[in-house]
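The structure under discussion appears below in the form of structure tokens.
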């Protein structure tokens, strides 16, 4: 029986969880200044809850950036000092007509 | 009764020290840019994350893994919100966040330090 499935960071699985959380929270919404705080918190908490349910021996960091679409440029970069064989990350970029969302998930094994 | 004894770091993550390092690296790097240039900023964000990672390694915190995230953007009266949540050991793990901007570019850096048992 393959044991690595239960103890490794699977990018596709995490990517699906992330996309579902974004769609559920802001899928049909237009940018609203007053709601952006709630949206980012909801996305991040939904992802973290789903990741916890996977029951893997990992510590997780989930970060979400939501930006209004106004023509300005945005760049994100990340750098990690970890164990390449067990740890992993997944970044999902999402957009609609009024805003961009960039969600990064990092999983570090314990 | 089972006793699960958790290791403690002999040189734990120090937020204040890390924040000073971030100021020393980020402020001059951003001020050196005369204007927002998309191509230069792509490279700058990658370079900053590598430089900060190397600086963190030099701090010699015992048994820590690091994740450094750099967000660089053009200042154009936009609204941007960045949120993060972590599932970790609250006694050993920590993060430092630093935001710097001039009239053209803003930069938000977050460094996470996670203890490796």
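Protein chains in written order, with my numbering: chain L, 16 to 125; chain F, 1120 to 1236.
Note that beta-carbon positions come from the ideal geometry of N, C-alpha and C, so glycine has one too.
Rounded to whole angstroms, what is the Cα-Cα separation between residue i and residue j?
i	j	result
residue 1195 of chain F	residue 1187 of chain F	25 Å
residue 69 of chain L	residue 1174 of chain F	34 Å
residue 1190 of chain F	residue 1213 of chain F	19 Å
residue 1149 of chain F	residue 40 of chain L	34 Å
residue 1164 of chain F	residue 1128 of chain F	31 Å
residue 38 of chain L	residue 81 of chain L	13 Å
residue 31 of chain L	residue 48 of chain L	27 Å
residue 57 of chain L	residue 84 of chain L	20 Å
residue 22 of chain L	residue 1233 of chain F	18 Å
residue 27 of chain L	residue 1204 of chain F	21 Å
residue 1178 of chain F	residue 1170 of chain F	13 Å
residue 1146 of chain F	residue 1182 of chain F	29 Å
If we call anything under 8 Å between Cβ atoms a contact, is residue i one with residue j?
i	j	result
residue 95 of chain L	residue 121 of chain L	yes
residue 52 of chain L	residue 1200 of chain F	yes
residue 1235 of chain F	residue 1125 of chain F	no
Compare the C-alpha of residue i against each of the options and name the closest.
i	options	result
residue 92 of chain L	L/102, L/106, L/83	L/106
residue 1117 of chain F	F/1233, F/1226, F/1231, F/1235	Past the edges of chain F, shown from 1120 to 1236, lies residue 1117 of chain F, and the structure says nothing about it.
residue 1162 of chain F	L/90, L/79, L/86	L/90
I'd like the list of long-range same chain contacts for residue i, defined as Cβ closer than 7 Å, with 5 residues on each side in sequence excluded.
i	result
residue 33 of chain L	62, 105, 107, 118, 120
residue 76 of chain L	121
residue 1154 of chain F	1223
Leaving aside the five residues before and after residue i along the sequence, list all residues of the same chain whose C-beta is less than 8 Å from its C-beta, in chain order.
i	result
residue 1159 of chain F	1152
residue 17 of chain L	In this prediction, residue 17 of chain L has a pLDDT of 49, which is less than 50 and means its spatial position is unreliable; nothing more can be read from the coordinates.
residue 50 of chain L	44
residue 125 of chain L	72, 73, 74
Below 6 Å CB to CB, which residues in the same chain sit around residue i once its five sequence neighbours on both sides are set aside?
i	result
residue 46 of chain L	83, 113, 114
residue 109 of chain L	37, 116
residue 79 of chain L	55, 58, 59, 118
Quiz item: Using 8 Å as the Cβ pair cut-off and three pairs as the minimum, do the segment 1208-1228 of chain F and the segment 104-121 of chain L touch?
Solution: no
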